[in-house]
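Below is one structure, written out as structure tokens; comments come after it.
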Amino acid sequence: MSEYNPFSLNNVFRTIFCFIALIISLGLFNSSWVSLLVVIIYLMCLYSGKIKRKNYNLFLIIIICTVCITARSLILLPDINVGTNVFIGGEKYKNSVFSNNLPQKIYKRLNKDFISSFPNSVSGPDKKLFDTSVKQMLFKNQETKTVSKIKWKNRYEFSLGAFNDANYNAYGKQQPKRTNLPFFVKYTFPTKYYESNSDFCWKGLAFIGKNETIEKLHKKKKCIPIKKGINNKSDPFVIWLVETNKTPHLEAELIQPLNFKIKLFFLYIIKILCCFLILTFSFRNLDFKKCGIFIFCFLFSSVVIFTYEPTLLYKFVLFEGGNDGLLYVHFAHLISDNLSSGNFIDAFKGGEAAYDLMPFYRYIWILNYLLFEESPWIFFLILSVFPLVIFSILKNFFNKKWVLGDIETHDHVCRKLVNNANFDVISVGYSLAPESPFPCAVEEAIETLRWLVSEHKKININLEKILICGDSAGGNLASVLSIYNRDKLKYNIKLQILIYPVTSFSSNFPSKKKYDGLILSKDLMQWFEKKYLPQSIREKYLNDWKLSPIKASSLSNLPKTLLILAECDPLFDEGKYFGDLLNKNKNDVELIIYKGQIHGFLTMGGFIEDANNMINLIKKRANAVLKKI
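Note that my numbering has the sequence shown beginning at 166, numbered continuously upward.
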């Protein structure tokens with residue numbers, strides 16, 4: 166079995182390559198639910214599977230991306246330009262970007278309603294007519310962004326990316342809520358829509374025409390054919406939508422002809438198919454148990470997030486008051502603007518006069534804008550997988566004490582052990598407490614050894630070359646198994662490897678107090694012990710040597726022992742004492758102490774080099790013992 170290292174340079178490159186390929190297939194600035202689902206599946210594959218290493222997979226992925234881009238370009242729908250912004254007016258700002266650039270009929274209506282609703286407003290309007298977006302900045306559009314479909318019932322669904330002005334934010338509670346501020350939307354349809362038989366539907370106040378605007382107010386949603394709003398076939402169709410506290414709430418929808426709908430459908434199908442193929446050619450050996458864990462953690466956190474912030478269901482968060490988050494969203498826009506203009510130093514400053522990398526919020530927003538436009542999917546993904554991160558940490562730290570963990574917690578250790586080794590590794594899972602208290606784990610360990618002997622021909626095991634190994638609670642079971650085998654089974658165990666083993670149940674050695682709380686605390690150890698040996702059976706088994714191998718009536722004639730301890734481990738003293746007893750009983754014992762290390766560091770090879778050194782040491786000693794046989 167060869168070792169799989171997800172952090173190798175080759176695997177990291179392929180992981181990033183796969184993600185880039187997915188983004189290319191989906192297209193940048195993709196805020197659809199499909200894009201979110203694809204990224205979620207990608208993260209699940211990353212967590213539960215392994216990256217394929219064959220180079221031809223890379224070429225296949227490149228071909229898939231090329232086909233996807235070509236297909237999308239062939240059936241691309243005409244872009245509809247969107248310009249939008251919040252309106253802030255008042256008598257003080259008679260000469261503003263709004264008064265100078267908005268059609269006068271629209272400006273007068275917005276300004277009149279604004280003064281009526283917010284007579285004490287402090288802040289002035291933006292410097293630009295339309296709100297900015299990263300898409301606009303990169304492609305130098307005159308308006309806010311482009312879309313291929315329209316359907317929304319409120320500013321959340323519309324994803325109004327305004328309210329991002331730092332000046333406005335600075336006034337905080339002195340300003341009206343952003344949900345109440347008037348805003349306007351300008352849609353500009355290309356001439357291709359003239360022959361498309363498309364209908365534009367809206368509720369609320371609308372002005373039709375670029376300059377000489379026709380005012381129409383619909384209290385219920387009504388539709389007009391786009392061709393009726395065009396005087397000249399060569400002119401685009403322009404419609405302005407306006408919402409104030411004095412007008413009905415806006416709704417808008419574009420009803421497209423069947424051929425447009427078919428194109429949209431095929432665009433989604435192509436994206437999904439390409440992404441599916443990319444994931445298929447990128448990942449292998451998916452662990453469905455891990456997939457289940459990922460899905461559970463994701464769904465749990467999603468419910469919590471959507472309950473806390475329901476507007477995320479609209480793919481948009483509308484910041485209120487003087488929220489600092491809003492300020493850094495605005496800074497993110499400034500960074501984007503500087504990047505598009507080539508002002509890299511100013512971009513690095515983060516929108517402020519001084520260099521400020523904190524809060525890092527603004528820089529994450531930039532990445533979010535590029536990938537998912539105004540939809541805060543990156544933050545949602547970070548928050549939704551957070552329980553999985555916590556779960557993984559707990560699983561790796563607390564997998565040793567009869568109660569938590571399984572085979573998977575040590576899978577990477579086993580893989581490293583057999584890599585370029587002269588032996589095989591059989592990893593044994595045992596039933597956990599409190600469902601299966603003492604002596605269940607001991608009995609299962611004994612039965613496993615019996616099975617190994619009885620089935621040795623089928624699994625190609627040499628009975629003259631048996632070694633047993635375990636760490637922490639596993640070290641306890643390994644030492645108990647060696648003693649039981651000496652007395653009952655009489656099998657030929659050549660070496661026992663005990664890594665910071667539990668040897669004395671409910672003991673009070675000095676190291677438990679000295680190193681209390683370094684990964685393993687005294688209280689946590691007591692909790693493990695209560696689960697493993699509940700009060701109902703405590704009196705019966707408390708002095709059983711199978712619980713505390715240190716209490717065995719005899720510790721002589723045991724296999725050669727490699728005893729490995731961590732200096733800063735609450736279990737250090739009882740492990741050292743057990744080694745001394747083995748020596749006194751004339752056993753062959755090699756004691757290795759890793760200075761400065763903590764309990765459980767064996768599974769932390771990604772962070773602690775001594776963990777990898779220990780694995781190499783075990784491999785070396787095991788090979789040496791087996792070579793003599």
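Heads up, the beta-carbon is just placed ideally off N, CA and C, and yes, glycines get one too.
Residue interval of the beta strand (DSSP E) (run including residue i)
i	result
L239	L239 -> not in any beta strand (DSSP E); alpha helix (DSSP H) instead, spanning 220-239.
K581	Looking at the DSSP string, K581 is not in any beta strand (DSSP E); the run it does join, the alpha helix (DSSP H), is 576-583.
V247	245-251
S419	One point to set straight first is that residue 419 is Leu, not Ser, in the sequence displayed. Segment 416-420, the beta strand (DSSP E) holding L419.
T311	310-312
Span separating the alpha-carbon of residue i from that of residue j
i	j	result
T180	L723	48 Å
I315	F354	11 Å
C462	L746	46 Å
L442	I226	8 Å
R237	Y358	19 Å
G374	I245	15 Å
N657	L628	7 Å
I529	F496	11 Å
T378	V350	14 Å
E418	R274	23 Å
F184	S549	19 Å
K793	L553	46 Å
M779	L767	7 Å
S282	N503	35 Å
E360	K393	11 Å
K426	S313	11 Å
L535	L451	30 Å
A586	I783	10 Å
R703	H764	26 Å
K428	P347	35 Å
R218	D576	20 Å
G682	K760	17 Å
D296	N266	14 Å
T445	L294	46 Å
F588	I240	58 Å
Collapsed DSSP secondary structure at residue i in the structure displayed
i	result
K411	coil
Y212	helix
T356	helix
A643	helix
T726	strand
Q700	helix
G369	strand
E600	coil
V754	strand
W317	strand
W405	strand
Y759	strand
A497	helix
I664	strand
F563	Summary for F563: the model assigns pLDDT 47, below 50, so the residue's position carries little reliability; its value from the coordinates is reported in the next sentence. In this structure, F563 counts as coil in the three-state DSSP scheme.
G635	strand
F263	helix
Alpha helix (DSSP H) segment containing residue i, residue limits
i	result
W692	687-697
F513	509-513
Q269	269-282
N788	774-792
N748	737-749
N175	174-191
N445	Note that residue 445 is Thr in the sequence shown, not Asn. Residues 423-447.
P390	Where P390 is concerned, there is no enclosing alpha helix (DSSP H), although the beta strand (DSSP E) it sits in stretches over 379-390.
L614	605-619
K292	From DSSP, K292 is part of no alpha helix (DSSP H); its letter is neither H nor E.
L478	Counting along the chain, L478 falls outside any alpha helix (DSSP H), and DSSP gives it neither H nor E.
P675	675-679
Assumed close pair residue i, residue j - CB separation to whole angstroms, cut-off 8 Å
i	j	result
K623	R449	That belief does not hold up - the Cβ atoms of K623 and R449 are roughly 27 Å apart, past 8 Å.
L756	L728	5 Å
I206	I234	So it is not a contact: roughly 21 Å between Cβ atoms.
N796	P475	This structure cannot speak to residue 796, because the chain is shown only from 166 to 794.
T412	G369	6 Å
V618	K436	That pair is no contact at about 56 Å.
F481	S540	7 Å
F537	N195	6 Å
K386	A371	Between A371 and K386 the Cβ distance is about 11 Å, and since that is not below 8 Å, they are no contact.
W367	L325	Not quite, the Cβ-Cβ distance comes to about 15 Å (not below 8 Å), so this is no contact.
The region 664-672 in contact with the region 604-623 per 3-pair CB rule at 8 Å: no
Cβ contact (3+ pairs, closer than 8 Å) linking the region 497-506 and the region 260-267: no
contact_flag[the region 736-754, the region 669-683] where n(CB pairs < 8 Å) is 3 or more: yes
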